[in-house]
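Residue 66 in the UniProt record's numbering sits at position 66 of the sequence shown, with consecutive numbering throughout.
All residues carry an ideal CB built from backbone N, CA and C; glycine is no exception.
To start, the structure itself, in structure tokens.
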Amino acid sequence: MSLTFEDARQRVDAYIGQFKEGYFPPLLMLARLTEETGEVARVLAHQNGKTPKPGEDPGDLELELADLLFVMLCMANERGISLERGFERMMDKVERRDANRWTRKDEAPTHD
Ligand SMILES: [Mg+2]
1 MSLTFEDARQ
11 RVDAYIGQFK
21 EGYFPPLLML
31 ARLTEETGEV
41 ARVLAHQNGK
51 TPKPGEDPGD
61 LELELADLLF
71 VMLCMANERG
81 ISLERGFERM
91 MDKVERRDAN
101 RWTRKDEAPT
111 HD
């Protein structure tokens, strides 16, 4: 499967476009983004030592990250901005700014 940003953008827009309510207003979407971020945190907590409450599902990180992506796509669509262009700009920034920030795998280890 090869899904492009544009495919995902259009699929979300087609889904939301079926309904009279349309996209949530921006601050409500921000609340959804925060809620989904908390769900990612809960799954990671369960995977790293926190025991789920009785009857609580340990959660699915893949699905929770996709929930976040859905809300981000909704937010970008509602605002008329491009996540693909944003991603490209962000990667260009980190690839330039952080080009020498981390230890490269082919780099000899330093001994201090
Ligand atoms: Mg979720």
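* To do: Identify which residue in Phe5, Asn77, Gly59 and Leu65 has its Cα closest to the Cα of Gly22.
  => Working through the sequence shown from its first residue, we reach residue 22 at position 22. Among Phe5, Asn77, Gly59 and Leu65, the Cα nearest to that of Gly22 is on Asn77.
Original post:
Is it right to say Val12 is buried, meaning 16 or more other beta carbons lie within 10 angstroms of its own, or is it exposed?
Top reply: Taking the first residue of the sequence shown as position 1, residue 12 is located at position 12. Classification for Val12: buried.
Quick check: the stretch 34-45 against the stretch 58-67, are at least 3 beta-carbon pairs closer than 8 Å? yes
Taking just the CA atoms, how far does Gly49 sit from Leu33? Numbered from 1 along the sequence shown, position 33 holds the residue referred to as residue 33. Numbered from 1 along the sequence shown, position 49 holds the residue referred to as residue 49. If you take the alpha carbons of Leu33 and Gly49, they lie about 25 Å apart.
Is it buried or exposed for Leu73, if we count other Cβ within 10 angstroms and need 16 for buried? In the sequence shown, counting from the first residue as 1, residue 73 sits at position 73. Buried, since its Cβ has 16 or more Cβ neighbours within 10 Å.
Report task. Report, in whole angstroms, the separation of the C-beta atoms of Phe5 and Phe87, which I expect to be a contact under 8 Å. Result -> Translated into the one-based positions of the sequence shown, residue 5 becomes position 5. Translated into the one-based positions of the sequence shown, residue 87 becomes position 87. 7 Å between Cβ atoms; contact.
- Item | Cβ-Cβ distance between Lys75 and Met29 below 8 Å | If you number the sequence shown from 1, residue 75 lands on position 75. If you number the sequence shown from 1, residue 29 lands on position 29. In the sequence under discussion, the amino acid at residue 75 is Met, which differs from the Lys named in the question. Contact flag set, yes.
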